[in-house]
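Heads up: the structure comes next, in structure tokens.
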Amino acid sequence: MKIAFPTQDGEKIYAHLGQARFFKVIEVQDGAVVNTEMREKEVHQHHDDEQEHPPHAHGGHHAHAMFDLLKDCQVLISGGMGTPAFERAREQGLEVILTGERSIEKALQAYLKGVLESDLRRVHAH
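Heads up: the sequence shown is residues 1 to 126, going by UniProt numbering.
In structure tokens form, the structure reads like this:
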């Protein structure tokens, strides 16, 4: 099983899926980590309060490229995401877990123990 986490640094789960620069993908077999890789998103968004963002900033090519990176994953654990991304992830067959846990390692262990709960209030309207 492959589990993906949006991240900037490989250690912490980023709060918003679409703004993370990387996905840390951890492959687990029989409860043990067998491989870890960092996948850089082709396009990642920089939010600047002084800049206006085009209406397509959360969709289009960015969304397709982002989810193409997750084609071989079964689980996506994120701090939050917009409604379109949440729906697309589920359509792609991903189990989506939205959590306030910031540590990738702690979230991974909780998920493997079956105690990581998803908080759907972390889906943002876009």
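Don't be surprised by glycine CBs; every beta carbon is placed ideally from N, CA and C. Predicted model, so just to flag it, every value in this text is computed and none were measured.
Where does residue i sit, in a helix, a strand or coil, going by DSSP?
i       : result
Arg-102 : coil
His-64  : helix
Leu-17  : helix
Lys-113 : helix
Ala-89  : helix
Indicate whether residue i and residue j have their beta-carbon atoms separated by less than 8 Å.
i       : j       : result
Val-96  : Phe-86  : yes
Gly-79  : Thr-99  : yes
Leu-112 : Val-28  : yes
Arg-88  : Ala-125 : no
Lys-41  : Met-66  : yes
Cys-73  : Ala-15  : no
With a CB to CB cut of under 6 Å and the five nearest residues on each side skipped, what residues in its chain are close to residue i?
i       : result
Ala-110 : Leu-116
Leu-94  : Leu-76
Leu-69  : Phe-23 and Arg-39
Glu-37  : Val-25
Span of the beta strand (DSSP E) holding residue i?
i       : result
Glu-37  : 32-40
Ser-78  : 75-78
Gln-29  : 22-29
Ala-125 : Ala-125 -> no beta strand (DSSP E), and no H or E assigned at all.
Lys-2   : 2-7
Under 8 Å Cβ to Cβ from residue i, same chain only, skipping five residues before and after it: list those, please.
i       : result
Lys-71  : Gln-92
Val-123 : Gly-80, Met-81, Gly-82, Thr-83, Phe-86 and Leu-98
Asp-119 : Leu-98, Thr-99 and Gly-100
Arg-90  : Val-96
Taking contact to mean at least 3 C-beta pairs separated by less than 8 Å, is the segment 94-108 in contact with the segment 3-17? Segment contact: the segment 94-108 against the segment 3-17, three or more CB-CB distances shorter than 8 Å; contact assigned.
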